[in-house]
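Enquirer:
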Amino acid sequence: MVYFRGLADDLPLKVWLEDNIWPAEDKWLSPEFVGDAVELACIEMIKAGTTLYSDMYFYGDAVARSTKKTGLRAVIGAGILDFPSKTAKTADEYFSNAEAFIRTWIGDELIVPCTAPHAPYTCSPETIKRAKDLSSKYRVPMSCIFPRPNGKSTG
Numbered sequence: 560m561v562y563f564r565g566l567a568d569d570l571p572l573k574v575w576l577e578d579n580i581w582p583a584e585d586k587w588l589s590p591e592f593v594g595d596a597v598e599l600a601c602i603e604m605i606k607a608g609t610t611l612y613s614d615m616y617f618y619g620d621a622v623a624r625s626t627k628k629t630g631l632r633a634v635i636g637a638g639i640l641d642f643p644s645k646t647a648k649t650a651d652e653y654f655s656n657a658e659a660f661i662r663t664w665i666g667d668e669l670i671v672p673c674t675a676p677h678a679p680y681t682c683s684p685e686t687i688k689r690a691k692d693l694s695s696k697y698r699v700p701m702s703c704i705f706p707r708p709n710g711k712s713t714g
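Under the numbering used here, the first residue of the sequence shown carries the number 560, and numbering increases by one thereafter.
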C-alpha cells in the first residue's frame, strides 16, 4: 500500500476500499508494481530500525523477492478473497496460488509463508476455516485483518 499512501485515507473503511483502493488496485497492480513498492517500504522500514515485518495481500512472490533483496525478514501470505481480483477469479484459484506460494517459500531463511484470508468482511467463515486448514497442513501461520469497532482495521 506504500504507493497508495494517503489515497482517501480519511474515509470509512468500506468507502476507502470499494470506491478508492480496489479501483486503484485494479488499474495499477502487477508483480512489478508491487515488487517496486515493497522495496520502497523495506527501505523505509530499515531506516526506522525494523528487522521483521508481516505482509498479506497480492503477488506474494514479488513481495518475497523484493524483501529478500533488502535483507529483511518477513511473514508473507498470498491473499485469499471470496470474489475475483487481478490475482484469482475463484476461491479455488486463490487457494491454489496460496499453496504454491507456501511450497515455494517454506524453509526459506528470511521469508515465512503464511495463509492470508483477507478479512471477515471479504471472506466467508468457510473460506477462513479452509485457510486455517491449509495453515495446519503446512504448519505455517495464518494472517487476517480484523476490523475495529471504529471502522479502521488491524492485522
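From the three backbone atoms N, C-alpha and C, an ideal C-beta is built for every residue, glycine too.
To the nearest angstrom, report how far apart A650 and T610 are at their CA atoms.
Expert: Roughly 33 Å separates the two Cα atoms.
Enquirer: Just the C-alpha distance for L576 and T646, rounded to the nearest angstrom, thanks.
Expert: Spanning the two alpha carbons is a distance of roughly 17 Å.
Enquirer: Measuring only the C-alpha atoms, how far is K696 from I580?
Expert: Their backbone Cα atoms lie some 32 Å apart in a straight line.
Enquirer: Just checking T610 against the ligand NAD - is the residue's beta carbon closer than 8 Å to any of the ligand's heavy atoms?
Expert: The model on display carries no ligand, and the ligand NAD is accordingly not part of it.
Enquirer: Where L693 and D569 are concerned, what is the direct C-alpha to C-alpha distance, given to the nearest angstrom?
Expert: Taking the straight line from one Cα to the other gives about 35 Å.
Enquirer: What would DSSP say about S625, mapped onto helix, strand or coil?
Expert: Residue state, collapsed to three classes: helix.
Enquirer: Could you tell me if M615 is buried or exposed, where buried requires 16 or more neighbouring beta carbons within 10 angstroms of its beta carbon?
Expert: Result: buried.
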